[in-house]
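In this note's numbering, the protein residues as written are 127 to 963. Glycine is no exception: its CB is placed at the ideal position from the N, C-alpha and C atoms. Source: prediction; values computed, not measured.
Set out below in structure tokens:
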């Protein structure tokens, strides 16, 4: 195909010649009248006239100058005895992320080989390691393993003093949160800005107020403040730069494709088609949008953009495009109708139901079918198409999608399959590092080099699950991107310094714990996420989303996205983690009230499970907080939830030890029977409670990760579903199946309002360490007995005759009816039904 060429520029044909978007000495225009900048060398007599804004030939003298000054301790030299805890704790305290020489978390040597640190840490979830010598050459992870997995720390809100102790003499590490028996909370913890020694470096942030608002025309001219380039940052939240239409990206037709991209700071923009060796200048439209109509049928053509901003040329793939090449460097024009599998046009989700009827089951695309024992054909194992094959078995039980149907779950939560970090496209990774949000990840395609095949096979997976009456929930990671910035970040290249939170020196704020944090309050950022969510909802017919670190977002953003999704799919399920990777929590438990959004209930999880990755006991292993269990059973309507649809009840997920591995660690002496009891008691506590139940995929069939509590890149050996284990765990799988069926057939377990719960659920007296409750039901009341102790107990029953409906233990004398007392074995869940007269 021949296309006319407009202003071909050779440099534009090579993306690697793009400029780094980091700008030396930036100042930031945060409104039409406000400029902010950071000065490492302060002036004691700074005044407004020292900072003259140059706009072409114009000069504006600020009318007001405000200074914020803080002290920063310079980094000390790396020495052999320097011990630091690099990770996500330091940035929450003003330091650097994953810097083994950062002094923010430097430990003090208290005796030869023994180091301590006592410091206040904001509430949140953190990961870190131990580094000695100021570099990564010598570092230790969990269980003091050299080069081992990250150590995890969950600090309660709003903050807590934490004491860390490293002993290189016996190779041990303890902290006062994960190891309260070994380390007591400190009474002399310091705060990060109270370093006891060392010289201080003064840093000043200056806010300048201009004498008048800058005009739209002036905003598009080069702005200089002395030797500081003025970057359009929060001023791009101005209504003048809000593009309300929903046609950004490529709009395809056989006659032409219209391209639109939002890049207000750019003074020029071109679109480049490398395979055609053609480039075309784009025109500036309203609100900072660049556009062009390119004639012809461009289906399958790759392209990228070249922008000139702040005196540099920057190239980027299209952040709005639905397809990209294997390493995410080039976008592709696709006629999405040509990617539809057979039957797709007639395929309409028709699985509407109240959210408390959902039973969510968490999977990873590769993990689920990669093991040969899955029975999936070799070329489909670990791929999207692995979900489409039926008729597979291992022993007496089905595998693959047939297993999901047999088990009875209703919603399949799939770990991220939006396009992620190209550095990990050739090796195992969970995918919590999105690169292009509208593109499916190619490594799960049978032909990763063909974006069109990848899109089609993604749809085939979703279609197959829907045909099996299973809803599909996508795990999304809009809180940050990878690469975080620089040449390979399409976001940063398109609009430098806009998409992510930065301080006034232009440094990224690592609130996610993995490099950057999306600045969701900015209208065009919020709109981008909204349109991306709606794109997947419409084009791929998804049924909902699980938000990674939803706690990082503002309530206004979450409400905006939820409202938009419910207009398209009123039954869409939306839930997320109400915590962060170390930064401030903006959407904590309770912020979701009234939004139709749910959050993970870590209060209930901790009460059932005990500690996340340590040997602490919980209700499922014989020692739990029964008050917390009761609150969780009620849907947490007396704590953070307004309605039961707002709580995701769970005991385990992909993070941390699997449920079986946690039980094995907590009860190392446990035989198979005791493991079965603990696992099914935990699962029953989730499934027989009010709210939305969530199950980690696999524990009921004996899935283990060998004790790996952070297997995000550990490969198939740790993460795969080993279907051969299912034979030995068949009784457990059948018990969980029976629990699921009971929940689905008994509306008493699925109330949709707090009012109905308070009216129909009553707790009964029970022995210490146990919980008993009664549920009103039109077909006969139900009693649930949960014995969270290691001893058998006898429960007093209300008057009447009661028949056994279900027992997770299954080993006791059967009889027709019980009245008066009921014997419940240790670590067992019992459900009784009242006999009608």
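| query | result |
| --- | --- |
| Around the Cβ of residue 391, are there at least 16 other Cβ atoms within 10 angstroms (buried) or fewer (exposed)? | buried |
| In whole angstroms, what is the alpha-carbon distance linking residue 387 and residue 621? | 10 angstroms |
| Could you name each continuous beta strand (DSSP E) segment of 3 residues or more that falls completely within the segment 711–746, going from the start of the chain to the end? | 724–726 |
| Give the list of continuous beta strand (DSSP E) stretches no shorter than 3 residues that lie fully inside the segment 743–827. | 773–775 and 818–822 |
| How big is the Cα-Cα spacing for residue 869 and residue 158? | 57 angstroms |
| Among residues of its own chain, excluding the 5 on either side of residue 830, which ones have a beta-carbon nearer than 7 angstroms to its beta-carbon? | 784, 786 and 787 |
| Thinking just about the alpha-carbon of each residue, which of 606, 576, 489 and 472 is nearest to the one in residue 667? | 472 |
| Are there 16 or more other CB atoms within 10 angstroms of the CB of residue 498, so buried, or fewer, so exposed? | exposed |
| Which whole-angstrom value describes the C-beta separation of residue 952 and residue 905, a residue pair presumed to lie in contact below a C-beta threshold of 8 angstroms? | So it is not a contact: roughly 30 angstroms between Cβ atoms. |
| By the three-class DSSP mapping on this structure, what secondary structure does residue 875 have? | helix |
| Would you call the CB atoms of residue 448 and residue 565 closer than 9 angstroms? | yes |
| Can you name the start and end residues of the beta strand (DSSP E) that residue 438 belongs to? | 438–442 |
| For residue 407, which residues does DSSP report across the bridge? | 396 |
| Going by DSSP, what residue range makes up the beta strand (DSSP E) through residue 284? | 277–293 |
| Taking the runs of the alpha helix (DSSP H) that are 4 residues or longer, which of them lie wholly in the segment 828–874? | 842–845 and 856–871 |
| Candidates 155, 791 and 655: which alpha carbon is nearest residue 362's? | 155 |
| Consult DSSP for residue 935 and reduce its assignment to one of helix, strand or coil. | coil |
| List, from N- to C-terminal side, the beta strand (DSSP E) runs of 3 residues or more that fit wholly inside the segment 472–552. | 486–489, 537–540 and 544–546 |
| Measure the alpha-carbon distance for residue 318 versus residue 280 and round it to whole angstroms. | 18 angstroms |
| Report the option in 201, 671 and 399 whose CA atom is closest to the CA atom of residue 68. | Shown here, the chain extends from 127 to 963; a query on residue 68 therefore has no answer. |
| Let me check understanding here. Comparing Cα to Cα, which of 291, 916, 350 and 956 lies closest to residue 745? | 916 |
| In whole angstroms, what separates the C-alpha of residue 824 from that of residue 853? | 13 angstroms |
| Considering only C-alpha positions, which residue in the set 293, 222 and 580 is nearest to residue 237? | 293 |
| Compare the beta carbon distance of residue 335 and residue 259 with 9 angstroms and say whether it is the shorter of the two. | no |
| Which residues bound the beta strand (DSSP E) around residue 890? | 887–890 |
| Given a cut-off of 9 angstroms, decide if residue 527 and residue 594 are closer than it, judged by their beta-carbon atoms. | yes |
| Count the other CB atoms, across all protein chains shown, that sit within 10 Å of the CB of residue 161; report buried if there are 16 or more and exposed otherwise. | buried |
| Count the other CB atoms, across all protein chains shown, that sit within 10 Å of the CB of residue 922; report buried if there are 16 or more and exposed otherwise. | exposed |
| Based on the DSSP output, what are the partners of residue 350 in its beta bridges? | 180 and 355 |
| Mind the definition here: the segment 510–521 touches the segment 484–499 only if three or more C-beta pairs lie below 8 angstroms; say whether that holds. | yes |
| Distance check for residue 599 and residue 405, CA to CA, integer angstroms please. | 39 angstroms |
| Quick one: what's residue 246 bridged to in DSSP? | 287 |
| Would you mind reading off the limits of the alpha helix (DSSP H) that contains residue 654? | 649–665 |
| From residue 351 to residue 382, what does the alpha carbon distance come to, in whole angstroms? | 44 angstroms |
| In this structure, does DSSP put residue 345 in helix, strand or coil? | helix |
| Cα-Cα, which of 722, 568 and 455 is closest to residue 770? | 722 |
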